[in-house]
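*Asks:* In this note's numbering, the protein residues as written are 126 to 1287.
For reference, the structure I am asking about is given below.
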Amino acid sequence: MADGRRELPPHLSLPPASKRPCFRPAPRGPGPGPGHGSGFANSRYRSPESLLDCAAKAVAEKWAFERVEERFERIPEPVQRRIVYWSFPRNEKEICMYSSFQCRVAGEEGPSAATGAGAAGSGSSTSAGGGGGGGGASAAGTTSSAVAGVVGTGDGLPFRRGIRLLETGCVENVLQVGFHLSGTVTEPAATSEPEVTHKVAISFDRCKITSVTCGCGNRDIFYCAHVVALSLYRIRKPEQVKLRLPISETLFQMNRDQLQKLVQYLITAHHTEVLPTAQKLADEILSSNSEINQVHGAPDPTAGASIDDDNCWHLDEDQVREQVKQFLSQGGYYGSGKQLNSMFAKVREMLRMRDSNGARMLTLITEQFMADPRLSLWRQQGTGMTDKCRQLWDELGALWVCVVLNPHCKSDEKSSWLRQLKKWGDMDVCPLEDGNYGSELPNITNALPQSNLAQDSLARPRRTVFSRAMEACELHWQDSHLQRIISSDLYMSPAYQRDQGDSLLFNPQGLPLWLDHVPTACARVDALRSHGYSREALRLAVAIINTLRLQQQRQMDIYKHQKKELLHRGLTSTSTLEGWVGHPLDPIGCLFATLTETCRMDDDSGMDTGEGEPRPPVYQHVSVWGCGEGGESYLALALEVALMGMGQQRMMPEGLYAQDKVCRNEEQIVAKLQELELDDLLVQTLRKQALQLLEAGPFSGLGEVIHRESVPMHTYAKYLFTALLPHDADLSYKLALRAMRLPVLESSGGSGDVGHPHHGISMVPSRYPRWFTLGHLESQQCELASTMLTAAKGDMLRLRTVLEAVQKNIHSSSLIFKLAQDAFKIATPGDHPPDITLLNVALELGLQVMRMTLSTLNWRRREMVRWLVTCATEVGLRALISILQSWYTLFTPTEATSIVAATVMSHNTILRLSLDYPQREELASCARTLALQCAMKDPQNCALSALTLCEKDHIAFETAYQIVIDAASTGMTYSQLFTIARYMEHRGYPLRSFKLASLAMTHLNLAYNQDTHPAINDVLWACALSHSLGKNELAAIIPLVVKSVHCATVLSDILRRCTMTAPGLAGIPGRRNSGKLMSTDKAPLRQLLDATISAYINTTHSRLTHISPRHYGEFIEFLSKARETFLLAQDGHIQFAQFIDNLKQIYKGKKKLMMLVRERFG
């Protein structure tokens, strides 16, 4: 592709061309050209373009100047001037393309731009790949006005900065010598930068800039602002540029003296730079055997390129490599993914402009992608690449499909690309088409013997991201039927053949069909569109859609004959193993973009340089070419094909990435569909396609029978439901309700209370597929249900239908709970009365959640229970009574008493419901019954709550108390009993509290060293309670304390407290308080004193067994406390002295310790 153009296949026209007006402003090139002496150069008069200019423009664009020199022995100077003049690029869009990431002229894809597709391309201003055509001086008027309207959001881009430099007069000293343009560009002084002037030089050939040099030292893939400014100066102000013929022509006109003078002056002016070179060249010229004398003539940098030179725009390959490498090394951070996508967009832009640098730049990008060191790392570790990185590789592969399907490339170019693609594909690190190295192998699920896919996966050849591009190399454009489709809007079958009905080339209406693998056919459309053949792409897209329509109709006919059998069997096997949504070639997205592109209404902002927020597209109906008035619209076709593709029943692909891509692509298509403003025609298309999808049987994802592993339709159905609801509510609900199914879960025995088998399930009982995106799919199912519930608000019949669908098809308790919460929020707006119908649905869903999670662990269970009570409260008294009466199917005993009944009986609930006395009593009676039932079932956790709930009803309270007493000896712990005992005391039942405390003491065992045990406070409280009740109660509890507590400090604390006050201070009626302090020498304290002394003795021996010197001081203090207890006995001082003597004798080996004992105690 030396010049970016090749001969086109038969019937394939050039890209859209703007029609050349008959009259243009007279070209005002420097020098006396023919037709320029009229004296009207600066006037408003317009004159026809001269034949010389017409010819010079064509030659300047197509021929290298060397070829012109070889072809003609003598070229007149005026002719040379006009060829040189017209050889500079004429279209500012081309300059913009090489100085910004994105350049799109408003309206360029519209129908008006495509009407010239059949033109031969003469004078085309859009054929930049071939150097750009266009109208020279007139282009200065048209493109400058377009650029003047550029949105001002890209001020930091070189193109915008270049315009600013040009418009502020910073370009000076512009000189064109042959095919070389030079000038100076001054950067104005900034806050911290002085004014700087840069020398700029540009070489060009055949309307392409072939090299640039700027003193600013710019290192980027784009031209710097100074090159842009000089280029635009030449395009906009050609009459102000001094133009000279190539320097060799000037030198040819000089005699010897003039030449010598020129050389000497040149050396004098630049002696430090050129003198060594000049002397070296002089020496070689004077040597007869030198190499320089063996060559005829001498090089001239201003004479243009030679015939053999590649004619392509200047592209700094090193900078492309460096920037791609840098972006990849950032691993998706700092916007590198966005930058790489912008580079891909630049490749597509170049392809559309027929610029050979498109494939060249893609090759450079691919080389850096293949050299990414992370590929080897991912392969060694068997891990997958990041999702963003994977998407970049997909786009890379899709771009190569576009490149190799270039309809005007030569076979040797295609062979060269195929070799390169095979080389990349054979590398071990080359990413696979359907996933990453280790995470998506034909594993686990496919290894099961029941899976027919196992053998397929193992036998499947290795497919890389380049495999489809390599396959596309085998495709060609020579098919005569294909050529006729893309070359004419009026291609139809003869009328006499239309009734036969069995044609493979035309439908019954005579419109052409293109029978091919759908993604491959769409890849052809994408290739045509990508290479600038917009109208041809539209023609082929329409033929593909007509084919899909006919296939859909025939599939429906087949299904009608097999419907009874399929419904009876209750299963189906889908023949569509390869889905169009999520396909690597994105066939549906391609067709949709191709069709809507021509319907897009762009504003008049001229060129968009790619910065700023994108504006939402606005579309208009454009009739299909060849159909006449009242025919089909491209916009309606785009909607129809998107609906057909989304509704296709297809198998869920294997692997995480492939499945995620299906979901992502589906959402992308839906987002594009939502940009369409639905009018009557589009609604008609929507309704028609929806009905067909419902009746299409196994060929539709919304048919009556679907495969167990068919991709769910929830996201798609949500769009259909929302779009159709204002126009056909019955159809929208029918679609959405059918789409609610998720058979992959039902067939595997999903959780929940779904008891109805689904009739659209294939019976494969032993293989559960690995659906990595199942969580996302279930959430989409929930979103669909929520959308229907919201829309059905106030319609009880529809709400009931949706509720049944939810209960049947949604298997996740968390999602049903979310759905219930959503319904509750919608049903209870803050500024309006609640909707009772939707509230009842929310309550039903909440009850289902309670049943589903009753026997399973769920960290949100308490939240769910509280929410259900809130929802039931909003519904009313009957709902609360219902959940209280059926608590055992919904709640655990603990939840029922501590959360449900307690909340129901709260003061806030009573006020909220505005209950009268009988209603309050009815509610309280249900709560008390619940409390007693829960206490019987789980006394350990529910007894206290039951007592609290029943305390206002004597009989119920007595029953609850008896339940506690009965359970105390078996299932309850001391802490539970102590808690209840404290409650009873607080409520004014000290004797019952004492009884429960006594029972608690029987369950307690406090060892000698547990002086920080949490039950100590309870023991002290129990003893204080007994002491306050009287001597008899204290006498009753002390044996229990002595038996249960073996910790000396605790016992001494109890003993001290009992001796400080007289017993019987509780003031119980009928009890007499003696007012006397109790003696430790008499019962019942004597037993406690003996137990305490014994505990101190035992504890002392235990501590001395393993005592260390650092604990000696603590031990002495412990003995001091022991002495205080000993002294409470009448002969306590004697007992303590004997105790100390025994210690000295037994532990005499601990000399230091015993010395401390003697010092303190004698």
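Ideal Cβ placement from N, Cα and C applies to all residues, glycine included.
(1) With burial defined as no fewer than 16 other Cβ atoms inside 10 Å of the residue's Cβ, what is the status of Trp-984: buried or exposed?
(2) Between the beta-carbon of Gly-822 and the beta-carbon of Lys-688, is there less than 9 Å?
(3) Does DSSP put Ser-336 in a helix, in a strand, or in coil?
(4) For Leu-1057 versus Ala-1092, is the C-beta distance shorter than 9 Å?
(5) Out of Arg-1283, Thr-1184, Gln-1263, state which residue places its alpha-carbon closest to the alpha-carbon of Ile-1241.
(6) So, with DSSP's three-state summary, where would you put Phe-197?
(7) Specify the secondary structure class of Glu-297 as computed by DSSP and reduced to three states.
(8) Which of the three DSSP states is assigned to Asp-519 in this structure?
(9) In angstroms with no decimal places, state the Cα-to-Cα distance between Leu-1180 and Ile-1024.
(10) Suppose you measure from the CA of Cys-349 to the CA of Pro-498; what does that come to, to the nearest Å?
(11) Could you check which residue in Trp-750, Gly-704, Leu-845, Ala-718 has the C-alpha nearest to that of Glu-779?
(12) Which of the three DSSP states, helix, strand or coil, is assigned to Val-743?
(13) Could you name the residues of the same chain whose beta carbon sits closer than 8 Å to that of Ile-610, not counting the 5 residues immediately before and after it, in chain order?
(14) Could you tell me how far apart the beta carbons of Leu-801 and Leu-807 are, in whole angstroms, since I believe they sit closer than 8 Å?
(15) Indicate whether the contact test is met: 3 or more Cβ pairs, each with one atom in the region 335-354 and one in the region 214-228, closer than 8 Å.
(16) Does the structure place the region 427-441 close enough to the region 187-198 that three or more beta carbon pairs sit under 8 Å?
(17) Excluding five sequence neighbours on each side, which residues of the same chain lie with their C-beta closer than 6 Å to the C-beta of Tyr-841?
(18) Identify, in the order they occur along the chain, each residue of the same chain with its Cβ nearer than 7 Å to the Cβ of Leu-1165, setting aside the five sequence neighbours on each side.
(19) Threshold first: 4 residues or longer. Then list the alpha helix (DSSP H) segments lying entirely within the region 1010-1045, N to C.
(20) Kindly confirm or deny that the region 1140-1150 and the region 1088-1104 touch, where touching means at least three C-beta pairs closer than 8 Å.
(21) Going by alpha carbons, who is nearest to Leu-1268 out of Arg-1235, Thr-1250, Tyr-1221?
(22) Considering Ala-1216, what are the terminal residues of the beta strand (DSSP E) in which it resides?
(23) Between Asn-380, Leu-411, Thr-427, which has its C-alpha nearest Val-209's C-alpha?
(24) By Cβ distance, which residues of its chain are closer than 7 Å to Ala-767, with the 5 residues on each side in sequence left out?
(25) Is DSSP giving Arg-1283 helix, strand or coil here?
(26) Within its chain, find whatever has a CB closer than 6 Å to the CB of Lys-182; leave out the 5 residues flanking it on each side and keep chain order.
(27) Check Glu-757 in the structure and name its three-state DSSP category.
(28) Lys-1077 by DSSP, collapsed to three states: which one?
(29) Return the first residue and the last residue of the alpha helix (DSSP H) that Phe-452 is part of.
(30) So the alpha helix (DSSP H) Ala-1254 belongs to, where does it begin and stop?
(31) Per DSSP, what are the beta-bridge partners of Phe-329 in this structure?
(32) Leaving out the 5 sequence neighbours to the left and right, which residues in its chain are closer than 6 Å to Val-449 when beta-carbon positions are compared?
(33) So what does DSSP say about Lys-547, is it helix, strand or coil?
(34) Enumerate in chain order the residues of its own chain whose CB-to-CB distance from Ala-945 is below 6 Å, with the five nearest sequence positions on each side excluded.
(35) Can you list, in chain order, the residues of its chain whose CB lies under 8 Å from that of Val-399, leaving out five sequence neighbours each side?
(36) Rounding to the nearest angstrom, what Cα-Cα distance links Asn-418 and Gln-603 in this structure?
*Replies:* The relevant details are as follows:
(1) exposed
(2) yes
(3) strand
(4) no
(5) Arg-1283
(6) coil
(7) strand
(8) helix
(9) 42 Å
(10) 31 Å
(11) Gly-704
(12) strand
(13) Tyr-616, Pro-637, Trp-639, Arg-664, Leu-665, Ala-668
(14) 6 Å
(15) yes
(16) yes
(17) Met-771
(18) Ser-1123, Met-1126, Thr-1127
(19) 1032-1038
(20) yes
(21) Tyr-1221
(22) Careful: Ala-1216 lies outside any beta strand (DSSP E), inside the alpha helix (DSSP H) at 1210-1230.
(23) Thr-427
(24) Ile-713, Phe-717, Ile-794, Leu-798
(25) helix
(26) Trp-211
(27) coil
(28) coil
(29) 442-454
(30) Counting along the chain, Ala-1254 falls outside any alpha helix (DSSP H), and DSSP gives it neither H nor E.
(31) Ile-334
(32) Ile-490, Gln-493
(33) helix
(34) Ala-967, Leu-970, Gly-971
(35) Leu-391, Ile-392
(36) 51 Å
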